[in-house]
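For the sequence shown, the tail end lands on 428 under the numbering used here, and the numbers increase by one without skipping.
Idealized CB from N, CA, C, for every residue including glycine.
Only a predicted model underlies this, so the values are computations on that prediction, with no experimental measurement involved.
Read the structure below first, then the notes.
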Amino acid sequence: TAGSTHSCLSSVGLPVGSVLSEERFCYFSEDYKQIYLPLTYSIIFMLGLPLNGTVLWLSWHQTKRWSCATINLVNLMVADLLYVLTLPFLIITYSLGDRWPFGELLCKLVHFLFYTNLYSSILLLTCISVHRFLRVCHPLRSLPYQTRRHALLGTAATWALLVPQLLPTLVFSQMDYINGQMVCHDMTSPEHFDEFSAYGVVLMLSCFVFPSLVILACYSLMVRSLTKPGETLMMVGSAARAKSLRTTLLVCSLFTLCFVPFHITRSLYLTLRFLPSQNCQLSMVASLAYKIWRPLVSLSSCRNPVLYFLHSLFPYLLSLSLPPKLLHSRAQHMVSAQQVGAE
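As structure tokens, this is what we get:
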């Protein structure tokens, strides 16, 4: 958001005094951004850069071939790293009171990479969830599809579906001269706000709501499978299932914490600004909630390396929790599956 005041109905950064009537506009201070946003983005940058850089380095230098989930996680961390590298620009501009000194190209690129990181994380986590669901609930029938070739095709399809949907952000991201300084709009300029709101709804449905339902279904079925008594639930198997269950619940909790509050507050914020008449107090609360959660959604850049290490333990925990007969049958099928994956 640009400027130190906010208008309920106008776009971000309406100059002070440009009101049409007493009833139509209300103003409130956003001075908190000058401290909160640089501090939050600095923490994410200092954590995200070494974490993602280290995991990418370890992945690149590991001797064994990448698994399906590793391919998805590496794609995640490449997107994370690209976005984290843009954070210094946001730290500087918010420290300067919303002044954007880096030009229009970087203004567009920073916003594009934010949405790329946000929605690629969700879609790739969906791929990982489906993969894990198949391994837990259908370990034998899914073997022909648990290959590197299918994982690469899945990630390629994810990027092919996502990037065209995000190209409009390059058009909506614009600079403007407001309150005596050049700013980069947080969403878009006033004249394009209606179009941006409609675009935002479509993007949220296709890249957040639908994938979230898929993730919820996969992990719900996994939890049911892991908690259902098996024919060989010995002490070791029971402990391993409990660990797998905790890992599953942790992944779901992290997903919810990172993405759900942001989309709820953003939807409320856009809805209130789109309505013809509003309660200014409610608009102020919605704006504050959205601006607080917007940088926090970038914590996913620090979460994904944690998922990488959890994924490293997942096959071991799964091997302990599956019945021995099933493991033996799975091992016999692995030879043919690996041959398919090498093609």
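With a minimum length of 4 residues, the unbroken runs of alpha helix (DSSP H) contained wholly in the segment 232-274 fall at 233-251, 253-257. Around the beta carbon of R388, 16 or more other beta carbons lie within 10 angstroms, which makes this residue buried.
Counting only residues of its own chain and dropping the five nearest sequence neighbours on each side, C269 has a CB closer than 6 Å to the CB of W185, C192, M260. E280 and S274 have their C-alpha atoms roughly 10 Å apart. Around the beta carbon of M131, a 10 Å sphere encloses fewer than 16 other beta carbons of the protein chains shown; the residue is thus reported as exposed. Straight-line measurement puts the Cα of N202 at about 12 Å from the Cα of C292. Counting only residues of its own chain and dropping the five nearest sequence neighbours on each side, S127 has a CB closer than 7 Å to the CB of I176. Shown here, N364 sits in coil according to DSSP, grouped into three states, outside any helix or strand. The criterion of a C-beta distance shorter than 8 Å is not satisfied by W378 and F340. Under the three-state reduction of DSSP, P346 is assigned to helix. Contact between Y204 and L247 holds, with the beta-carbon distance rounding to 6 Å and staying under 8 Å.
Fewer than three beta-carbon pairs drawn from the segment 219-235 and the segment 136-149 are found closer than 8 Å, and the two stretches are therefore not classed as touching.
In this chain, the alpha helix (DSSP H) harbouring P123 covers 118-146. DSSP places P296 within a helical segment (H, G or I) once states are collapsed to three.
If you draw a straight line from the Cα of I129 to the Cα of L122, it is about 11 Å long. Secondary structure note for E189: its alpha helix (DSSP H) is the uninterrupted segment 189-222.
Ranking S352, V345, L161, D165 by CA distance to the CA of A283 puts S352 first.
Non-local C-beta neighbours of Y393 in its own chain, meaning closer than 6 Å and more than five positions away in sequence, comprise V140, L158, ordered along the chain. Sequence-distant partners of A374 (beyond 5 residues in either direction) whose C-beta falls short of 7 Å from its own C-beta, in its chain, are T350. Nearest Cα to Q266 within the set P224, F187, L255: F187. A check of alpha carbon separations from T243 across S180, R226, E115, C212 identifies C212 as the nearest.
Within the model, the alpha-carbon separation for L355 versus A371 is close to 9 Å. Closest in alpha carbon position to Y117, among T171, K376, V382, L384, is K376. Distance from the CA of V169 to the CA of G133, rounded to the nearest whole angstrom, comes to 7 Å. Excluding the 5 residues flanking it on each side, L210 has same chain C-beta neighbours closer than 7 Å at I300, F340, in chain order.
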